[in-house]
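Following the working numbering, the numbering of the sequence shown begins with 302 at its first residue and continues without gaps.
Reviewing the structure listed below.
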Amino acid sequence: MEPAAGGRLLRLATGITTAVTEQGDPRASPVVLLLHAWAGSRRSFAALLPLLPASVRAVAVDLRGHGDADKPPTGYDLPALAADVVAVLDALGAARAVLVGASSGGYVAQQVAVSAPDRVAGLVLAGAPHDLRGRPPFADELARISDPVDPAWVRAFTEGFSDLDRLPGWYVDLMVEDALRLPAPLWMAPSTG
302 MEPAAGGRLL
312 RLATGITTAV
322 TEQGDPRASP
332 VVLLLHAWAG
342 SRRSFAALLP
352 LLPASVRAVA
362 VDLRGHGDAD
372 KPPTGYDLPA
382 LAADVVAVLD
392 ALGAARAVLV
402 GASSGGYVAQ
412 QVAVSAPDRV
422 AGLVLAGAPH
432 DLRGRPPFAD
442 ELARISDPVD
452 PAWVRAFTEG
462 FSDLDRLPGW
472 YVDLMVEDAL
482 RLPAPLWMAP
492 STG
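Structure representation (structure tokens):
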């Protein structure tokens, strides 16, 4: 497996391989670790990364099942995803990080803060749900999809979460492309626990 342009692969202690995109001062501490939403990838931060100062060590990571990360049949619950994040920090040689969780990436960031608080220097939750309980309102819709996932459905689903007319067309296309890389069973994983 080769990562998308601008990335490198990390083999994690949790048993998966994932990809990261890094920029900034590699000696800067703490790391700013960017956690994307469900059905996204590290490429979700393509518009943000160029805006960060070179003095910040920013690392965008593909969460398990997304982007260039392995897509195992299991392990999509919050504790497993949080363990992957801690393993990313270990692989980067980073003691602590400011976790930036976008949308459902905020779930993961919050779980890391609960399960490994000594590894978290701060949390930034952007559009993240504030409650980890209950079933997502879109779970029934996800339960009906199958492979191959329909691109028109993905675009419509994406439109339900974003104000697409305010985003550049290239970014919307990137979001849809990343979502189409997620197999149907993984779309259902967050709604089934």
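Heads up, the beta-carbon is just placed ideally off N, CA and C, and yes, glycines get one too.
Remember, predicted model here, so these are calculated numbers, not experimental data.
Boundaries (first-last residue) of the beta strand (DSSP E) holding residue i
i: Gly-423; result: 421–427
i: Leu-335; result: 332–336
Beta-carbon proximity check, residue i vs residue j, cutoff 8 Å
i: Arg-343; j: Gly-308; result: yes
i: Val-401; j: Val-360; result: no
i: Val-357; j: Leu-379; result: no
i: Gly-368; j: Asp-448; result: no
i: Ala-338; j: Ser-404; result: yes
i: Arg-456; j: Val-477; result: yes
Cross-strand partners of residue i (DSSP beta bridge)
i: Glu-323; result: Val-360
i: Ala-398; result: Val-332, Val-421
i: Ala-251; result: Past the boundaries of the shown model lies residue 251; the chain is included only from 302 to 494, so the question cannot be answered.
Simplified DSSP assignment, three categories, for residue i
i: Gly-307; result: coil
i: Thr-498; result: In the structure as shown, the chain starts at 302 and stops at 494, and residue 498 therefore has no counterpart that could be examined.
i: Arg-365; result: coil
i: Gly-494; result: Below a pLDDT of 50, predicted positions are generally treated as unreliable, and Gly-494, at 45, falls in that range; the measurement from the model is reported next regardless. Here Gly-494 sits in coil by DSSP.
i: Arg-344; result: helix
i: Ala-485; result: helix
i: Ala-355; result: coil
i: Ala-370; result: coil
i: Ala-314; result: coil
Residue span of the alpha helix (DSSP H) that contains residue i, given as start and end
i: Leu-379; result: 379–393
i: Leu-443; result: 440–444
i: Val-406; result: According to the sequence shown, residue 406 is Gly rather than Val. Segment 406–416, the alpha helix (DSSP H) holding Gly-406.
i: Ala-480; result: 470–481
Test: residue i CB closer than 8 Å to a CB of chain C
i: Arg-467; result: Annotation note: the requested chain C is absent from the structure, which comprises a single protein chain.
Would you call the region 312–332 and the region 388–403 touching, i.e. three or more CB-CB distances under 8 Å? yes
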